[in-house]
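Chains as they are written, first to last, in my numbering: chain A, 535 to 607; chain B, -15 to 423.
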Amino acid sequence: MGNINSKEQEDCLDVSAMTDEMKYIKWPSFKAVMSDLASVIILSAIIVMILTAGDSIGSFLIGKISDVLSTLL
Amino acid sequence: MVNTIKQSISVREVRRKLELIVVVIFLTRIMAMIPVPGVDSSLFKQWVSSTSNDALNLFSSFTGGSFESFSMFALGVTPLITAQIIVQLMTSVIKPLEELHKKGTYGQKVIKRISNIVAIILAAIQSCCMAIGFSKSGYISTEMNEIVSVILITVFMTIGTGITIWISHIVTEKTFCNGVSILLMANIMSRLPEQLYSMMSEITESKSFALKAVCTAVTVVAIIAIIIVVIYMSEGYHPLKVQYSQKMSQFENVSDAGIIPIKVGISGVMPVIFASSLMAIPQLVATIAGKGYGSGFSKIFLNMMSQKNWFDNENPIYSFGLLIYLALIIFFSFFYLPLTFNAAEVADNVRQLGAFVPGVRAGEDTEYHITKISRRLTAIGVVMLICVTVIPIIILGSLGISNSVSGTSIIIVVGVSIELVQQLRLEAAGRNYCGILEG
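Right, here's the structure in full:
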């Protein structure tokens, strides 16, 4: 009995798996993609600026600390 | 974007989260410069810059150059990524872990703790091997005894990795971003401008002005095309239709319908990160051991793992490496799917809301139906991911350019940036929605 049920269930699932509805994908509009592209470029520029600031401040701090340590030791 | 930032900054809570992300990105650069005490890494720096190796390039890129300066944060988040792969693989082999995985939030917390412990153990092993390998090769020098210096390097690098993991967890918990992704993106981006510049100069080297202009335009268009495909991948979704029962509906006699969006690129760029990390491990071990690529099978295998050899006309056998890379991307896309998208949980939520998927029975059938959809979407996502990963490798490889900028790096940066923008938009929209309700 259980087997018959599982077979029926499989058939039912196969039918549902074949529907066109499942294959449907909603892609973003061209305008949305362009807006995202601009966002990625702006965000990347901001992050690069933060990283550059971190680099210069970091090297300044590390230089100062090593100077202090070398005079102390 | 400007409006999104303005809206986000105006909300205190979102502003705090953004501030934390900025501070972490800023800190990663300072951290990358902190050296292991007592170690002179000038020789090591020279050796890294003279050694051109895919694994070293990738590792340097993932660690934001801290590996080159032999910083105490030189391992970055790579041990955590490796630990996550190991622990997730183990969940399908070890039963107690499998049971934990099914226990929902509590189980995920325990698995996260186990991953952290494994990451720390891996960091200790990795840093110890690096210390022994590089000091024996004479690339790092200290005034101390060799054993003491190995212990010192191991301890400091393990502490550094611990701090990095802790920071990544703080970002994940306190902001709307994945900490590992943010740290990886910051590290990659810190070297990206320099890498892009060197790639451009390599492409346009000894060419006429007109050819230079064409090459530059083609490269820019290729990069923009990659970004656009990644955007399509992360924003395309399948609207799964659900029907609410009349009891749950606003109107007594009419049942409401709604949708559950299931993304095309559910696993995001993680499969590429996992695949490239795994491909880099054998080369990295061989480099640290300082024995080169050896001979016979080991030489063939290690050359296969290197992207620059995939288009070597004299040794076509190395092209198998590309097939291994593709197979790994496909494997990790489906392997990572249940971790990012829990079909059982979605089916359960649908049931709890008193809804159902039209034409599908509630319970296990709905779960099976959602799983099948997510797998189909992942298959489409994998094809797109392979296109954006492999096409730059093929173009650069066939032009004979040693790709200092890998498609992997661009995908990670673009993928994480888009995720960040989307989350920012969601947060801003959510706050505005609350504002309207309050008003």
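Virtual Cβ for every residue (Gly too), placed ideally from N, Cα, C.
For PRO266 (chain B), list the residues DSSP reports as bridge partners. On the second sequence, residue 266 (chain B) is found 282 positions in, with the first residue counted as 1. Answer by DSSP bridge pairing: none, since PRO266 (chain B) is not bridged.
query = Roughly how many angstroms lie between the CA atoms of ILE151 (chain B) and THR12 (chain B), to the nearest whole one?
reply = Position 167 of the second sequence, counting from 1, holds the residue named residue 151 (chain B). Position 28 of the second sequence, counting from 1, holds the residue named residue 12 (chain B). Straight-line Cα distance between these residues: approximately 10 Å.
* Asked: Looking at C-alpha atoms only, which residue of A:THR586, A:ILE559 and A:ALA572 is the closest neighbour of VAL6 (chain B)?
  -> For this step, residue 6 (chain B) is matched to residue 22 along the second sequence. Residue nearest to VAL6 (chain B) within the set A:THR586, A:ILE559 and A:ALA572 is A:THR586 (criterion: CA-CA distance).
* First through last residue of the alpha helix (DSSP H) which encompasses GLN179 (chain B) -> Your numbering for residue 179 (chain B) matches position 195 in the second sequence. Residues 163 to 188.
Please list the terminal residues of the continuous beta strand (DSSP E) segment that includes VAL246 (chain B).
Within the second sequence, numbered from 1, the residue matching residue 246 (chain B) stands at position 262. Looking at the sequence provided, one finds Ile at residue 246 (chain B) rather than Val. Where ILE246 (chain B) is concerned, the enclosing beta strand (DSSP E) stretches over 241 to 247.
Q: Quick one: which residues of the segment 342 to 369 of chain B get their C-beta closer than 8 Å to a C-beta of chain A? List them in chain order.
A: GLY343, VAL344, ARG345, ASP349, TYR352, HIS353, LYS356, ILE357, ARG360, LEU361 and ILE364
message = Can you list, in chain order, the residues of its chain with a C-beta nearer than 7 Å to that of MET74 (chain B)? Leave out the 5 residues immediately preceding and following it.
response = Reading the second sequence from its first residue, position 90 is the one you call residue 74 (chain B). So the qualifying residues of the chain are LEU81.
- request: Check the Cβ of PRO223 (chain B) against every Cβ in chain A and list those closer than 7 Å, keeping chain order.
  value: Here residue 223 (chain B) corresponds to residue number 239 of the second sequence, with the count starting at 1. Within 7 Å Cβ-Cβ: LYS560.
Identify every residue that forms a DSSP beta bridge with HIS85 (chain B).
As a first step, residue 85 (chain B) is located in the second sequence; it is residue number 101 there, counting from the start. In the DSSP output, where bridge partners are listed per residue, HIS85 (chain B) has none listed.
(message) Within 8 Å of any Cβ in chain B, is that where the Cβ of VAL602 (chain A) sits?
(response) For the purposes of this step, residue 602 (chain A) is identified with residue 68 of the first sequence, where counting begins at 1. Cβ-Cβ to chain B under 8 Å: no for VAL602 (chain A).
message: Distance check for SER25 (chain B) and LEU268 (chain B), CA to CA, integer angstroms please.
response: As a first step, residue 268 (chain B) is located in the second sequence; it is residue number 284 there, counting from the start. As a first step, residue 25 (chain B) is located in the second sequence; it is residue number 41 there, counting from the start. Those two C-alpha atoms are separated by around 18 Å.
* **Chain-ordered chain B contacts of LEU585 (chain A) [CB-CB under 7 Å]** => Numbered from 1 along the first sequence, position 51 holds the residue referred to as residue 585 (chain A). Going along chain B in sequence order, the residues near LEU585 (chain A) (Cβ under 7 Å) are ILE9, ARG13, ALA170, MET173 and SER174.
Task: Host alpha helix (DSSP H) of LEU136 (chain B) (start-end) - done: The residue given as residue 136 (chain B) occupies position 152 in the second sequence. Segment 130 to 158, the alpha helix (DSSP H) holding LEU136 (chain B).
So, does the CB of ILE212 (chain B) fall closer than 8 Å to a CB anywhere in chain A?
-> Walking along the second sequence from the start, residue 212 (chain B) turns up at place 228. Output row for ILE212 (chain B): interface = yes.
Q | Three-way DSSP call (helix, strand, coil) for SER50 (chain B) in this model | A | On the second sequence, position 66 is the one that residue 50 (chain B) refers to. Annotated three-state conformation of SER50 (chain B) is coil, per DSSP.
For this session: Scan the segment 390 to 414 of chain B for residues whose Cβ lies nearer than 8 Å to a Cβ of chain A and list them as they occur along the chain.
Result: The residues in question are VAL397, VAL398, SER401, ILE402, LEU404 and VAL405.
Flag this pair as yes or no: are the beta carbons of VAL8 (chain B) and VAL202 (chain B) separated by less than 8 Å? Mapped onto the second sequence, residue 8 (chain B) falls at position 24. Mapped onto the second sequence, residue 202 (chain B) falls at position 218. Cβ atoms of VAL8 (chain B) and VAL202 (chain B): not closer than 8 Å.
How about the segment 237 to 257 of chain B and the segment 14 to 32 of chain B: do they share at least three Cβ pairs that are nearer than 8 Å?
-> no
Practice prompt. With a threshold of 16 other CB atoms inside 10 Å of the CB of ASP570 (chain A), please say whether the residue is buried or exposed.
Written response: By 1-based counting over the first sequence, the position of residue 570 (chain A) is 36. Buried.
Chain A contacts from the segment 187 to 219 of chain B (Cβ-Cβ distance under 9 Å)
ILE208, ILE211, ILE212, VAL214, ILE215, TYR216, SER218 and GLU219
Item checked: Strand pairing of PRO19 (chain B), partner residues [DSSP] -> Stepping through the second sequence from its first residue, residue 19 (chain B) is reached at position 35. Answer is B:SER55.
Among the candidates B:THR62, B:SER119, B:ILE131 and B:ARG(-1), whose CA atom is the shortest distance from the CA of VAL164 (chain B)?
Locating residue 164 (chain B) in the second sequence gives position 180, where the first residue counts as 1. Out of B:THR62, B:SER119, B:ILE131 and B:ARG(-1), B:THR62 has the C-alpha closest to the C-alpha of VAL164 (chain B).
_Assuming contact is defined by CB atoms lying nearer than 8 Å, are ALA327 (chain B) and PHE43 (chain B) in contact in what I supplied?_
Sequence index remark: in the second sequence, residue 327 (chain B) carries index 343 (1-based). Sequence index remark: in the second sequence, residue 43 (chain B) carries index 59 (1-based). No.
Worksheet item: Considering GLN227 (chain B), what are the terminal residues of the beta strand (DSSP E) in which it resides?
Response: Counting from one through the second sequence, the residue named residue 227 (chain B) turns up at place 243. GLN227 (chain B) -> beta strand (DSSP E) spans 221 to 228.
Buried or exposed: TYR558 (chain A), going by 16 or more other Cβ atoms within 10 Å of its Cβ?
As a position in the first sequence, residue 558 (chain A) is number 24, starting the count at 1. Under this definition TYR558 (chain A) is an exposed residue.
Could you pull out every residue in the same chain whose Cβ sits closer than 6 Å to the Cβ of ILE394 (chain B), ignoring the five residues on either side in sequence? Working through the second sequence from its first residue, we reach residue 394 (chain B) at position 410. So the list reads ILE210, once near-sequence residues are dropped.
query = Which chain B residues sit within Cβ distance under 9 Å of LEU595 (chain A)?
reply = Counting from 1 along the first sequence, the entry for residue 595 (chain A) is found at position 61. Those are ILE14 and MET17, listed as they occur along chain B.
* Asked: Using a Cβ-Cβ distance under 8 Å, would VAL6 (chain B) count as near chain A?
  -> If you number the second sequence from 1, residue 6 (chain B) lands on position 22. At a cut-off of 8 Å between beta-carbon atoms, VAL6 (chain B) makes contact with chain A.
- prompt: Exposed or buried, which one is PHE594 (chain A) when buried takes at least 16 other CB atoms within 10 Å?
  reply: On the first sequence, residue 594 (chain A) is found 60 positions in, with the first residue counted as 1. PHE594 (chain A) comes out exposed.
Step through the CB atoms of chain E and report whether any lies within less than 8 Å of the CB of PRO376 (chain B).
Given the protein chain composition of this structure (A and B), no chain E is represented.
Exercise. Provide the residue span of the alpha helix (DSSP H) that contains PHE295 (chain B), from first to last.
Key: Residue 295 (chain B) sits at position 311 when you count from the first residue of the second sequence. Taken as a continuous stretch (DSSP letters only), PHE295 (chain B) belongs to no alpha helix (DSSP H), as it is neither H nor E.
Is DSSP giving ILE538 (chain A) helix, strand or coil here?
Along the first sequence, one-based indexing puts residue 538 (chain A) at 4. Unreliable positioning characterises ILE538 (chain A) in this predicted model, as indicated by a pLDDT of 46, which lies under 50. The coordinate reading is nonetheless provided below. Looking at ILE538 (chain A) - three-state DSSP - the assignment turns out to be helix.
- request: List the residues of chain A whose Cβ lies closer than 7 Å to the Cβ of PRO177 (chain B), in chain order.
  value: Looking up residue 177 (chain B) in the second sequence gives position 193. Those within 7 Å of PRO177 (chain B) in chain A are VAL582.
**Request:** Report all residues from its chain with a CB closer than 6 Å to the CB of GLY252 (chain B); omit the five preceding and five following residues, and keep chain order.
**Result:** Indexing the second sequence from 1 puts residue 252 (chain B) at position 268. GLY399, listed in sequence order.
What does ALA339 (chain B) pair with, by DSSP beta-bridge criteria? Within the second sequence, numbered from 1, the residue matching residue 339 (chain B) stands at position 355. Paired residues: B:TYR228.
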